[in-house]
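Under this note's numbering, the residues of the sequence shown are numbered 763 to 1183, in order. Every residue gets a Cβ at the ideal spot worked out from N, C-alpha and C, and that includes glycine. This report concerns only the one structure given below.
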Amino acid sequence: MKTLSCDFLISGAGPVGLILAIGLSRKGYEVIVAEQFTPNFPNKIEQQENAFDGRVLALSQGSADVLREFGIWPSLLPLSTPIKKVHVSQKGYLGLTTISNEELGIDALGYSVQGWDLGNQLWKVAERQENIQLLSPVEFKQFSQFCELDNVSNETANEFAVLSVLKETESNLSIEVCSHCLIGADGTDSQVRKGLGFELHTKSYEAFGVLARIETRDVHHGLAFERFTPQGPMALLPMAERFHKAVWVCSVEDKARILDMDDQAFMQAFSERMGERFGGFVSVSKRLAYPLKETSLDQISEGCVVLMGNAAHTQHPVAAQGLNLGIKDVFEFVAALDRFENQFNRPVDLSNPTILSELISDYASRQQKQHEKVMGMTDGLIQIFEHPSPIVGHARGLGLAAMQLLPPLKKRFARFAMGKA
763 MKTLSCDFLI SGAGPVGLIL AIGLSRKGYE VIVAEQFTPN FPNKIEQQEN AFDGRVLALS
823 QGSADVLREF GIWPSLLPLS TPIKKVHVSQ KGYLGLTTIS NEELGIDALG YSVQGWDLGN
883 QLWKVAERQE NIQLLSPVEF KQFSQFCELD NVSNETANEF AVLSVLKETE SNLSIEVCSH
943 CLIGADGTDS QVRKGLGFEL HTKSYEAFGV LARIETRDVH HGLAFERFTP QGPMALLPMA
1003 ERFHKAVWVC SVEDKARILD MDDQAFMQAF SERMGERFGG FVSVSKRLAY PLKETSLDQI
1063 SEGCVVLMGN AAHTQHPVAA QGLNLGIKDV FEFVAALDRF ENQFNRPVDL SNPTILSELI
1123 SDYASRQQKQ HEKVMGMTDG LIQIFEHPSP IVGHARGLGL AAMQLLPPLK KRFARFAMGK
1183 A
């Protein structure tokens, strides 16, 4: 049995877990990150073993600001594609709106980056931090907060708050980690959340997101498209050169038919719904499909245990807020530490259960409200744009046209999309 100790134990080395580890380490805390998969950053979209597969991720300007503050952005920027303009429309009705970086006076509205590039850079940055220990591959088994343990001495209880048990995948060796705080950043199937016994509220949209990398004849110049159709949203997100991330939201019944299409049939069908963009589509990768659902919790913390990212919430991808809300979780947790440091004019005493409990409660109450706000707006978009009534369709068109003509309304929507609302 191996025993380790730290200030923070993070279960999950996806983007949220690694960004949090880097942010905490820069403040001088000792961090252990436990990940069940061996780091593997593939170079093909069909290879997927963890959160860093071939998917293209949309980082909002707010997320880029967090990565910049944590010293991560310089190495990631050359691998990212800036989104200069977003074009939003709906099929079958008049009305559209565009939002550009120029009218807002910023470098980019956001950035697209491939999952393996993000993972590779985050892992490299984390490895360089002396106070981050990466354990992989290990399986998170269980944890106990010391208030629940009868056989732990008061002396130990004053020193640590949570005892977690991991198991090395290859050797089957058990590892005990004593930490002041346990962070569950281990995804939708979070073992930490299951250990807390929190009920996960799930809303299925009875739909799938079909993803592919698609190439156009002409260069995109950083222009992204989102188009709402009666069957679901479609999107094009700029990648390097003439490539794009293509998103086709379809019903459960249509998923198999779409995945079975050959390349030419897929590009033609995608073009019929999205419109022929950038001179037409000339090639497409293998397609992947993911079920679309919303998950939420009544609470995101208990005692010295906190849930972040997909362990605490997932959203429909229509507004590209999933990863960005997880990064917002990280930022707000580090901001809570800053507030308490300023309050006491010294580093936070994590061994003090009263201070730690207040800090976690402060973070959780603030961020839970943010989760509800973003999820409400995201779900509202789906309800409005998938309503079949022609009257609602024309009203949507008027709304898009009004946004185009009213700069304050457009700016407000842009701030939400950039993660700054």
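Rounded C-alpha distance that separates residue i from residue j
i: Ser767; j: Ser906; result: 14 Å
i: Ile772; j: Ile861; result: 37 Å
i: Val778; j: Trp878; result: 14 Å
i: Val828; j: Leu1021; result: 37 Å
i: Phe1093; j: Asp1024; result: 43 Å
i: Ala796; j: Ser1033; result: 43 Å
i: Gln953; j: Glu1003; result: 40 Å
i: Glu988; j: Asp769; result: 43 Å
i: Asn934; j: Thr800; result: 15 Å
i: Leu911; j: Gly1065; result: Reliability of the predicted coordinates at Leu911 is poor, the pLDDT of 44 falling under 50, and the value obtained from them is presented with this limitation in mind. Each residue's Cα considered, the two are about 13 Å apart.
i: Ser1058; j: His983; result: 37 Å
i: Lys1131; j: Leu1087; result: 12 Å
i: Gly774; j: Thr1076; result: 16 Å
i: Thr859; j: His1006; result: 20 Å
i: Ala969; j: Leu1054; result: 6 Å
i: Leu925; j: Ser941; result: 7 Å
i: Glu864; j: Ala870; result: 8 Å
i: Asn893; j: Leu884; result: 15 Å
i: Leu819; j: Ile937; result: 33 Å
i: Ser825; j: Phe1095; result: 14 Å
i: Glu961; j: Gln1061; result: 9 Å
i: Gly1071; j: Leu1085; result: 7 Å
i: Leu1171; j: Gln1105; result: With a pLDDT of 47 at Leu1171, under the threshold of 50, the modelled position of that residue is not reliable, and no figure is offered here.
Cβ-Cβ distance between residue i and residue j below 7 Å
i: Pro939; j: Ile794; result: According to the sequence as given, residue 939 is Val; it is not Pro. Contact flag set, yes.
i: Leu780; j: Ala888; result: yes
i: Gly872; j: Leu821; result: yes
i: Leu1069; j: Gly957; result: no
i: Thr843; j: Met1036; result: no
i: Val972; j: Cys1012; result: yes
i: Ser1063; j: Ile1122; result: yes
i: Ala997; j: Val1009; result: yes
i: Ile1117; j: Asp1124; result: no
i: Ala974; j: Arg1049; result: yes
i: Lys886; j: Lys903; result: no
i: Glu1103; j: Lys965; result: no
i: Gly785; j: Phe832; result: yes
i: Ser787; j: Gln891; result: yes
i: Asp951; j: Phe1040; result: no
i: Phe1028; j: Gln852; result: no
i: His1017; j: Ala1073; result: According to the sequence as given, residue 1017 is Lys; it is not His. In this structure, Ala1073 does not lie closer than 7 Å to Lys1017 by Cβ.
Cβ-based burial, residue i [other Cβ within 10 Å; buried from 16]
i: Arg830; result: exposed
i: Gly1042; result: exposed
i: Arg955; result: buried
i: Met763; result: exposed
i: Lys1090; result: buried
i: Thr765; result: exposed
i: Glu817; result: Here the sequence assigns Arg to residue 817, which means Glu is not the residue at that position. Arg817 should be labelled buried.
i: Ser1127; result: exposed
Per-residue DSSP class, three states only, for residue i
i: Ala947; result: coil
i: Arg989; result: strand
i: Arg890; result: helix
i: His1133; result: helix
i: Asp1185; result: The structure shown does not extend to residue 1185, since the chain spans only 763 to 1183, so no value can be given for it.
i: Tyr712; result: Outside the shown range of the chain, which is 763 to 1183, sits residue 712, and nothing can be said about it.
i: Val1011; result: strand
i: Leu821; result: strand
i: Met1001; result: coil
i: Ala919; result: For Ala919, the pLDDT reaches just 47, beneath the cut-off of 50, and the residue's location in the model is therefore unreliable, leaving the point undetermined.
i: Phe770; result: strand
i: Met763; result: coil
i: Gly996; result: As written in the sequence, residue 996 is Met, which differs from the Gly given in the question. Strand.
i: Ala1074; result: coil
i: Phe832; result: coil
i: Thr1116; result: helix
i: Val778; result: helix
i: Ile868; result: coil
i: Phe970; result: strand
i: Ser952; result: coil
i: Phe1028; result: helix
i: Ser1033; result: helix
i: Leu962; result: coil
i: Leu1021; result: helix
Member of the options whose CA lies at the smallest distance from the CA of residue i
i: Gly867; options: Phe902, Lys846 and Ser874; result: Lys846
i: Pro1120; options: Arg1101, Glu792 and Arg1108; result: Note that residue 1120 is Glu in the sequence shown here, rather than Pro. Ranking Arg1101, Glu792 and Arg1108 by Cα distance to Glu1120 puts Arg1101 first.
i: Leu880; options: Pro840, Lys903, Glu892 and Val850; result: Pro840
i: Val848; options: Leu999, Ala1027, Gln1026 and Tyr1052; result: Leu999
i: Asp948; options: Val1136, Leu782 and Arg1039; result: Leu782
i: Phe908; options: Ala1126, Ala1018, Ile834 and Pro1115; result: Pro1115
i: Gly994; options: Tyr967, Glu977, Arg1019 and Ile976; result: Tyr967
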